[in-house]
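Scroll down for the structure; my scribbles are underneath it.
Numbering (the working numbering), first residue to last: 89 to 215.
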């Protein structure tokens, strides 16, 4: 996403964090939904792959845009980071992972809101 005048490293990092946490939530929900599916093995988002991709500035898979007013895709650079762990799904573990992920997501949203409040205050001249 292009934030224009709000384009700084903190917001970019938080945007990527929210994308990662959103994708992780989808994977956890899928694991829980397939708990009793025969032969299903647990999936996980490989944080090391996501981190390496970010640190190397490697662009992710981009979506084709047929109209300049289309919004860019959000989680496309996380598609290849999903790994099959080969292990069974443990409902208790998935619930713990989901709760931790939700807390992290809420924290990231609060941080973005604070950053935007700071920018709003700066534009208002500190009023």
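For each residue, glycine too, the CB sits at the ideal point set by N, CA and C.
No experiment lies behind these values; they were computed from the predicted model shown.
Is the separation between the beta-carbon of residue 102 and that of residue 191 shorter than 8 angstroms? no
Determine the direct distance from the alpha carbon of residue 174 to that of residue 124, and round the result to whole angstroms. 15 angstroms
Mind checking who residue 172 pairs with in its DSSP beta bridge? 131
Here's the rule I'm using: 16 or more other beta-carbon atoms within 10 Å means buried, otherwise exposed. How should residue 184 be labelled? exposed
Per-residue burial, residue 105 [other beta carbons within 10 Å of its own, 16 or more giving buried]: buried
Hey, how far is the Cα of residue 129 from the Cα of residue 213? 55 angstroms
Any idea if residue 204 is buried or exposed, counting beta-carbon neighbours within 10 angstroms, 16 or more meaning buried? exposed
Can you name, in chain order, every residue of its own chain whose Cβ lies under 7 angstroms from the Cβ of residue 182, other than the five neighbours on each side? 116, 119 and 120
What first and last residue would you give for the alpha helix (DSSP H) that runs through residue 102? 97-121
Alpha helix (DSSP H) containing residue 192: first to last residue? 179-211
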